[in-house]
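Only one structure is covered here, and it is reproduced in the block below.
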Amino acid sequence: MADFGENPDQGKFWNEASGLSWVENDRLMSERLETISQLLLENLDLHPSSKILDIGCGGGTTTLALAKGAPPSVQITGLDISKPLLDLAAQKCAEHKNINFVLADAQAHRFAVQKLDTVISRFGVMFFENPVKAFQNIKSALRVAGRLRFVCWAPLEENEFFYAPLQAVLQHTDQPFIAPGRAPGPLAFSDAAYLRGLLEEAGFQQVEIAKTPTEVTTKDSPEEDAKLLMQIGFATRIMTAAEMGEAERAEVFRSMLAQSAARQKDGKISYGATVYIVTAHA
């Protein structure tokens, strides 16, 4: 078992109920984030001898996409703090012998020094207890001028996939929503200036943060979409904190269902999204 001594809360979160929930919903989330995954993997400029690390690889969707688009001699490692998700990733990528997986916390893991050409992450680097230390550790694994490229969420209000379900829940409770700020979580790096400062303090150079409008989309029915939204994100945390009963949750579901139906057009449900595509060099 990995040592989560520096991030015990995240280790527990991703290896217990929440990790299992993400395993259950992996296919649904992979579909919704496909466009964002493509943005992340653009222009990586891989070579036959490239060594690449996918941090917070989760169920292996980006790791697998990376392998499919790279020369077969490229060495790819997926790293995650969640054993349930890594087990899924290993199953998904079993046919690709150039992929291996590591169960570890990227903040504390002892990487081989200056061995990697590229480190990527899709929404996997916002959960560190000490982000500067984590990025310093990641930088130590990159060769001189090696590249870090990741995608993270812009502010909450610019991401309907988070914001719309949250508003649906808040219609049915007096439970306040307290913005998470810079605490470890999906929106920890939503302040671009703060993020730039972290990376530069960690020693990265040529930091570029491209604010990019995009979409989260699905071909699921409104009922299927609303069911997923009841299980993930800030909305479900509010329902739990408010100790909502079955009747109250049914009201929330109806509100989410109405939102999903209103967003459906030509067989596709779409949510506006804004992400930062971040590139930096060691």
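The numbers in this note's numbering rise by one with no breaks, and the one at position 244 of the sequence shown is 1031. Every residue gets a Cβ at the ideal spot worked out from N, C-alpha and C, and that includes glycine.
Presumed contact (8 Å Cβ cut-off) between residue 1019 and residue 964, rounded CB distance: Wrong, their Cβ atoms sit about 15 Å apart, outside the cutoff.
Hey, would you say residue 842 sits closer than 9 Å to residue 791, going by beta carbons? no
Please look up how many angstroms separate the CB atoms of residue 1057 and residue 1002, rounded, as I've assumed it's under 8 Å.
-> So it is a contact: roughly 5 Å between Cβ atoms.
**Message:** Can you look up residue 842 in the DSSP assignment and give me helix, strand or coil?
**Reply:** strand
Worksheet entry | Closest Cα partner of residue 910 within the set 878, 871, 977 | 977
The segment 824-834 in contact with the segment 847-857 per 3-pair CB rule at 8 Å = yes
> Could you check where the alpha helix (DSSP H) with residue 863 kicks off and where it finishes?
Replying inline: No alpha helix (DSSP H) holds residue 863; the beta strand (DSSP E) holding it covers 862-867.
Beta strand (DSSP E) runs contained entirely in the segment 984-1058, provided each spans 3 or more residues = Fully enclosed beta strand (DSSP E) runs of 3 or longer: 992-1005.
Practice item. Select from 853, 1069, 878 the residue whose C-alpha is nearest the C-alpha of residue 994. Key: 1069
Here's the rule: buried if 16 or more other CB atoms are within 10 angstroms of the residue's CB, otherwise exposed. What is residue 1063?
Classification of residue 1063: buried, given that the 10 Å Cβ count is 16 or more.
Going straight from the alpha carbon of residue 874 to that of residue 969, what length do you get?
-> 30 Å
Starting from residue 950, follow its DSSP beta bridges and name the residues at the other end. Its beta-bridge partners do not exist; DSSP assigns none.
| task | Given a cut-off of 9 Å, decide if residue 918 and residue 794 are closer than it, judged by their beta-carbon atoms. | result | no
Q) What separation, rounded to the nearest whole angstrom, lies between the Cα atoms of residue 834 and residue 1008? A) 41 Å
query = From 941, 799, 893, pick the residue whose C-alpha is nearest to that of residue 871; which is it?
reply = Nearest option by C-alpha distance: 799.
**Asked** Nearest to residue 822 by alpha carbon, out of 836, 808, 1060?
**Response** 1060
Taking only the alpha-carbon atoms, compute the straight-line gap between residue 876 and residue 816 and give it to the nearest angstrom. 14 Å
_Using 9 Å as the threshold, is the C-beta distance between residue 934 and residue 912 below it?_
no
Check: How many angstroms separate the CA atom of residue 831 from the CA atom of residue 938?
Finding: About 13 Å.
(message) Output needed for residue 1004: all residues of its chain with C-beta closer than 6 Å, excluding positions within five of it in sequence on either side, in chain order.
(response) Answer for residue 1004: 1055, 1057, listed in chain order.
**Asked** If you check the beta carbons only, do residue 885 and residue 932 fall under 9 Å apart?
**Response** no
query: Excluding five sequence neighbours on each side, which residues of the same chain lie with their C-beta closer than 7 Å to the C-beta of residue 1012?
result: 1005, 1047, 1056
In angstroms with no decimal places, state the Cα-to-Cα distance between residue 888 and residue 866.
6 Å
_Residue closest to residue 1035, alpha-carbon to alpha-carbon, out of 845, 1049, 958_ = It is 958.
### Query
Is the beta carbon of residue 943 less than 9 Å from the beta carbon of residue 985?
A distance of 9 Å or more separates the beta carbons of residue 943 and residue 985.
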